[in-house]
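Asker:
Residue numbers (our numbering), protein chains in the order written: chain A, 159 to 593; chain B, 1190 to 1506.
So this is what it looks like as structure tokens:
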């Protein structure tokens, strides 16, 4: 992977960089960890490594706001090294690591461990997300100042909602002192009860307990309302309902500082897919797959910019946590290695433009948490994805880079694949590499 | 085989013809039950394992008797609830049982989809004896049998199902079978007990009992299952009984004279049914129990027959 000059020249590809407005055949030169040039013609210096990107897209490396790396504490599912390996294989050069580790990332020692592991792995950049409350229990504020100083870029109790409105108010208020966004997992636990899938005709037919879309909607509405009281920055994790999109659109129209992400699976699948899967727990996640009306609203919200970013909610689980009856299986699916082709399918269906797709995976995500990168502007970090939009491949969970295999796309043929990923000008993934 | 199926998981999967295949065979099976010597050798050498993760007396006994009348060997395995944190997983339990070479695994489980899950992982036939709030196919078939026995044909008949539809696997199996035999289904209960979108399964929904039973040929009263109710769906059984329970006075005033009352059991006397109705002339509740054995004999016969031939060929002489 090394070369004499340390210079990388990516030639002949279609550069798609929504942040700088570039869309066309360009040569990209990476030098000293930065983007040195994006030009119609650029000479390759002697000793430079040449990457032939003809027929491919060259984009800023993708940024995933929502990944569960499971380290520390649940390394049997994933660790920082395997999770970031899966990330770069999917074109993601930076991932935000959610704090529902064991112990939770509510203190600097956990943050520091995550960052040390990421440095040792030397793959995707890792941006830890700190907990909103100690132990993610929703009872006491975590130390936001220290978490930020240690490297946390946002706060979240993801996996759990902050059920107390009073606690949520204080979290939003206190976060203002440090300029950290509060990323919320919106779910009224009382309304959800024992629900394991979206409430509606499909859950009724399958005899599975339903969780209504309103369990998300009421919390989104509550937090937007609180935001008016407190100020601060609110980020909605994995929105899944038409009601959330409606509330978000209205809040943004009023200029409130609220951003949102949506997952590939919520954009591509519905609760009917749970039925078609015959109770396959690889179709069980939280929030659950919703109705086709919800999916339509999510797609519109992403297309018109109401939803800022695509984030995977990559959630690895071991086979013994998934090869169970649907009720007993854990929530969550893998996402890093399949996100690009799944979302590229939305382009083929006419739902998104290519530019909007890349934007939502790059600069749209970066802006939510104020992260560097997400652009190929000269001087930006040399984090680059080279993507073959027409390469078809069959998803074989045994061949993925994640430690876990819980993907709803197993056995499916997807089209679109990352062929090269660069982080800080270093090649960290090349298509064809084996796990 | 029942039609194309080597398992019986859900009546949703069965066609009208496949349902009739079971019901027609059950007529002959019922005749066997009326003989002085209730034993035929049809399934001699076959093993039926009853794997019950939920307590059940009626259904398990019914499958057990059905197997024994057909000369199959029946084993009852009562398992603790599956759990991800302690004990054996459902799959491990099933794999262990499979290693004992049963021909049919009869499964009851509190999780919807559990029999389907097992059917994907074991080689023998799987019969659902009820899964969560999904389906209870043998109960649906015995309800069809009982009504067919009474009315000859279900064509043009109306059946009202009253109670906690949300948590009822019986209601879903009835909904996936009665209309295939030509009956119309009405569902009735308090709105808190009617699941979202159930009308898409082909029923009308009512909240007023009188409207629901008006002109009906049969009324299936469901048990109010306290153990499944996690939410406050009704204030108490007293008010439930007043508005959705059936007593002799309401039955006399609201029901057609020839209308019959069914109940999957066990009955909460005084809640959904008063004793005078449960034990009265309209009640076919004990017929259901007897027909249940005949229907389950038919199910076991059809499924074990196919599986057994395959296996016999592989046994050296």
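Here a beta-carbon is modelled for each residue, glycine too, at the ideal position from N, C-alpha and C. All of these numbers come straight from a predicted model, not from anything done at the bench.
(1) Report yes or no: is there a C-beta of chain A within less than 9 Å of the C-beta of residue 1301 of chain B?
(2) Would residue 465 of chain A and residue 427 of chain A be called neighbours here (beta carbons separated by less than 9 Å)?
(3) In chain A, which residues lie less than 8 Å from residue 1324 of chain B when you measure between Cβ atoms?
(4) Just the chain A side, please: which residues come within less than 8 Å of residue 1298 of chain B by C-beta, in chain order?
(5) So which residues of chain A does residue 1241 of chain B contact, with C-beta pairs closer than 8 Å?
(6) Using the beta-carbon count (16 or more within 10 Å), is residue 183 of chain A buried or exposed?
(7) Can you tell me which of the three DSSP states residue 254 of chain A falls into?
(8) Interface residues of chain A around residue 1155 of chain B at Cβ under 9 Å?
(9) In whole angstroms, what is the alpha-carbon distance linking residue 275 of chain A and residue 252 of chain A?
(10) May I ask which residues mark the beginning and end of the beta strand (DSSP E) holding residue 326 of chain A?
(11) Whole angstroms are fine: how far does the CA of residue 1278 of chain B sit from the CA of residue 391 of chain A?
(12) Is residue 1190 of chain B helix, strand or coil when you go by DSSP?
(13) Are the CB atoms of residue 485 of chain A and residue 354 of chain A within a distance shorter than 9 Å?
(14) Within a Cβ cutoff of 8 Å, which residues of the same chain sit near residue 513 of chain A, ignoring the five residues on either side of it in sequence?
(15) Quick one: give me the first and last residue of the alpha helix (DSSP H) that residue 421 of chain A is part of.
(16) For chain A, is any of its Cβ atoms less than 9 Å away from the one on residue 1280 of chain B?
(17) Could you pull out every residue in the same chain whose Cβ sits closer than 8 Å to the Cβ of residue 363 of chain A, ignoring the five residues on either side in sequence?
(18) Step through the CB atoms of chain B and report whether any lies within less than 9 Å of the CB of residue 436 of chain A.
(19) Just mark residue 297 of chain A as buried or exposed, buried being the case when its beta carbon has 16 or more other beta carbons within 10 Å.
(20) Give me the Cβ distance between residue 344 of chain A and residue 319 of chain A, rounded to the nearest whole Å; I'm assuming they're in contact under 8 Å.
(21) Quick test of the definition: if touching needs 3 or more C-beta pairs under 8 Å, does the segment 1387-1403 of chain B touch the segment 1351-1371 of chain B?
(22) Quick one: Cα of residue 543 of chain A to Cα of residue 571 of chain A, how far?
(23) Where does residue 546 of chain A land, buried or exposed, given buried means 16+ other C-beta within 10 angstroms?
(24) Classify residue 1200 of chain B as buried or exposed, calling it buried when 16 or more other Cβ atoms lie within 10 Å of its own Cβ.
(25) With 9 Å as the threshold, decide whether the Cβ of residue 1361 of chain B is near any Cβ in chain A.
(26) Cβ atoms of residue 340 of chain A and residue 314 of chain A: under 9 Å apart, would you say?
(27) On the three-state DSSP scale, how would you describe residue 1452 of chain B?
(28) If you draw a straight line from the alpha carbon of residue 1284 of chain B to that of residue 1312 of chain B, how long is it in whole angstroms?
(29) Can you tell me the Cα-Cα spacing of residue 473 of chain A and residue 494 of chain A, whole angstroms?
(30) Go to residue 319 of chain A, then tell me how far its beta strand (DSSP E) extends in each direction, as first and last residue.
(31) Select from the segment 1333-1360 of chain B all residues with a C-beta closer than 7 Å to any C-beta belonging to chain A, and list them in chain order.
(32) Counting C-beta neighbours from all protein chains within 10 Å, is the total for residue 1267 of chain B 16 or more, i.e. buried, or is it exposed?
(33) Cα separation between residue 1276 of chain B and residue 1314 of chain B?
(34) For the beta strand (DSSP E) that contains residue 1298 of chain B, what are its first and last residues?
Answerer: Inspection of the coordinates gives the following:
(1) yes
(2) no
(3) 365
(4) 483
(5) Simply none; closest approach about 15 Å.
(6) exposed
(7) strand
(8) An answer regarding residue 1155 of chain B cannot be provided, because it is not within the stretch 1190 to 1506 covered by chain B.
(9) 14 Å
(10) Here residue 326 of chain A belongs to no beta strand (DSSP E); instead the alpha helix (DSSP H) covers 323-333.
(11) 44 Å
(12) coil
(13) yes
(14) 174, 176, 181
(15) Run containing residue 421 of chain A: none; DSSP gives neither H nor E here.
(16) yes
(17) 433
(18) yes
(19) exposed
(20) 6 Å
(21) yes
(22) 21 Å
(23) buried
(24) buried
(25) yes
(26) yes
(27) coil
(28) 10 Å
(29) 9 Å
(30) Where residue 319 of chain A is concerned, there is no enclosing beta strand (DSSP E), given that its DSSP letter is neither H nor E.
(31) 1358
(32) exposed
(33) 25 Å
(34) 1293-1298
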